[in-house]
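Novice: Counting in the working numbering, the sequence shown runs from 216 upward without gaps.
I am attaching a structure below and will ask some questions about it afterwards.
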Amino acid sequence: MIAVASDGNVTLRVDQQPLAWVLEQIALQGGNVKATETAVAIRPPSSAEPSCREPTGADRIESAKLLQEIERGSEEQRVQGLLEARSAGVFVPDGTLKTLFETDASERVRLHAFEAYLERQTGDNAALRRTLEAAALIPSALIQREARVRLNELTDMERMEALFKQRTGS
Numbered sequence: 216m217i218a219v220a221s222d223g224n225v226t227l228r229v230d231q232q233p234l235a236w237v238l239e240q241i242a243l244q245g246g247n248v249k250a251t252e253t254a255v256a257i258r259p260p261s262s263a264e265p266s267c268r269e270p271t272g273a274d275r276i277e278s279a280k281l282l283q284e285i286e287r288g289s290e291e292q293r294v295q296g297l298l299e300a301r302s303a304g305v306f307v308p309d310g311t312l313k314t315l316f317e318t319d320a321s322e323r324v325r326l327h328a329f330e331a332y333l334e335r336q337t338g339d340n341a342a343l344r345r346t347l348e349a350a351a352l353i354p355s356a357l358i359q360r361e362a363r364v365r366l367n368e369l370t371d372m373e374r375m376e377a378l379f380k381q382r383t384g385s
């Protein structure tokens, strides 16, 4: 979770993401173009080229294989597939992520799927709150605990925002 309050304060909870991605997310949420420019500037040149080209047939095949591993692989393949998909920007359908974090036998898979699913809720506090409240009822102690921690973080952030608005009159 990356949340930028109206006063410019940032709440971060980021696992296994490159610095450039974190800076871009902060910039996007805070509306700060300079942070985005900084994030782009620190990327190695080789990582900028692939995102500028159209996906090839080979890319689509690799993405399909990755999704297949996530859905049907061993525990280790599912975990690695989720990590690869996040770092490579491969879209994993919401339904797949939701099924994994709600029902997978592996707590590791559940956690990685949950984190990937939550990333899509960033920027919409109401949707994030609904997702976290629903996750707090899932029969997994790990997901319940993670959801409660993040709900508390979200509540604290919203409280700080409200206090700031109250003090500044905005």
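Ideal Cβ positions, reconstructed from N, Cα and C, are used throughout, including at glycine.
Assess, as a yes-or-no matter, whether the stretch 359-375 is touched by the stretch 312-320 under the definition of 3 or more beta carbon pairs within less than 8 Å.
Specialist: No: fewer than three Cβ pairs fall under 8 Å.
Novice: Does the pairing of the stretch 274-290 with the stretch 302-315 give three or more beta-carbon distances under 8 Å?
Specialist: Enough Cβ pairs lie closer than 8 Å, so yes.
Novice: Can you give the beta carbon distance from Ala300 to Phe329, rounded, assuming they're within the 8 Å contact cut?
Specialist: Not a contact, Cβ separation roughly 14 Å.
Novice: According to the neighbour-count rule (16 or more other Cβ atoms, all chains shown, within 10 Å of its Cβ), is Glu252 buried or exposed?
Specialist: For Glu252, the predicted model reports a pLDDT of 39, less than 50, meaning its position is unreliable and no value from the coordinates is stated.
Novice: Quick one: using the 10 Å Cβ neighbour count with 16 as the cut-off for buried, is Ala377 buried or exposed?
Specialist: Ala377 comes out exposed.
Novice: Would you report the Cα separation of Leu298 and Glu284, rounded to the nearest angstrom?
Specialist: Whole-angstrom Cα-Cα distance: 12 Å.
Novice: Is it buried or exposed for Ala341, if we count other Cβ within 10 angstroms and need 16 for buried?
Specialist: By the neighbour-count rule (16 or more Cβ atoms within 10 Å), Ala341 is not buried but exposed.
Novice: As a quick exercise: from Glu286, Gln295, Glu291, pick the residue whose alpha carbon is nearest that of Asp309.
Specialist: Minimum Cα distance to Asp309 is reached at Glu286.
Novice: Please classify Pro265: does DSSP put it in a helix, a strand, or coil?
Specialist: Any reading at Pro265 is ruled out, since the residue's pLDDT is 48, under 50, leaving its predicted position unreliable.
Novice: Residues in its own chain within less than 7 Å of Thr311 by CB, not counting five upstream and five downstream?
Specialist: Correct list, in chain order: Ile285, Glu286.
Novice: Note down, in chain order, each residue of its chain lying with its Cβ closer than 8 Å to the Cβ of Leu352, except the 5 sequence neighbours on either side.
Specialist: Only Gln359 meet the Cβ criterion.
Novice: Apart from the five residues on each side of it in sequence, which residues of its chain come closer than 8 Å, Cβ to Cβ, to Leu326?
Specialist: Excluding sequence neighbours, Leu326 sits near Phe316, Leu357, Ile358, Glu361.
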